[in-house]
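*Asks:* First residue of the sequence shown? That's 657 in our numbering, and the numbers climb one at a time after it. For each residue, glycine too, the CB sits at the ideal point set by N, CA and C.
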Amino acid sequence: MNKDEMFKRWNSQARDVLVGRTITKVMYMNDKWAKDLGFDEYMGRPLMLQLDNGTIIIPMSDDEGNDGGAVQYLTKEGGFDVLPLLR
Numbered sequence: 657m658n659k660d661e662m663f664k665r666w667n668s669q670a671r672d673v674l675v676g677r678t679i680t681k682v683m684y685m686n687d688k689w690a691k692d693l694g695f696d697e698y699m700g701r702p703l704m705l706q707l708d709n710g711t712i713i714i715p716m717s718d719d720e721g722n723d724g725g726a727v728q729y730l731t732k733e734g735g736f737d738v739l740p741l742l743r
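(1) What residue range does the beta strand (DSSP E) around methionine 704 cover?
(2) Hey, how far is the Cα of valine 682 from the Cα of leucine 703?
(3) Is it the case that the region 722-729 contacts the region 688-708, given that we only count it when at least three CB pairs across the two stretches are under 8 Å?
(4) Have a look at Val675, Asp660, Ala690, Glu661 and flag the residue whose alpha-carbon is nearest the alpha-carbon of leucine 742.
(5) Who are phenylalanine 736's beta bridge partners in DSSP?
Okay, here's the thing in structure tokens:
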């Protein structure tokens with residue numbers, strides 16, 4: 657798979673998961689979720705976004721889920737900030 661094919665595949669999957677969805681709940685990962693998902697006591701607790709179809713989006717530090725991740729957001733006015741990883 658070349659780079660263009662890879663981008664096309666992952667863009668398509670991201671659109672299928674996200675486009676047209678509405679965020680219905682926002683919460684930081686609690687101890688129960690962390691235990692259920694295999695996060696150990698040294699891993700950070702990321703923000704979790706629940707969509708209207710029940711899908712939950714969890715930012716990760718890498719593809720293997722070795723730790724949670726922070727979320728940077730950019731505003732259309734050019735501003736930006738970060739929703740942090742909690743420890």
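*Replies:* A quick look at the data gives this:
(1) Counting from 1 along the sequence shown, the entry for residue 704 is found at position 48. Start and end: 703-707.
(2) Counting from one through the sequence shown, the residue named residue 682 turns up at place 26. Counting from one through the sequence shown, the residue named residue 703 turns up at place 47. Each residue's alpha carbon lies about 7 Å from the other.
(3) yes
(4) Counted from its first residue, the sequence shown places residue 742 at position 86. Of the listed residues, the one whose Cα sits closest to leucine 742 is Ala690.
(5) As a position in the sequence shown, residue 736 is number 80, starting the count at 1. Within the DSSP secondary-structure output, phenylalanine 736 pairs in a beta bridge with Leu730.
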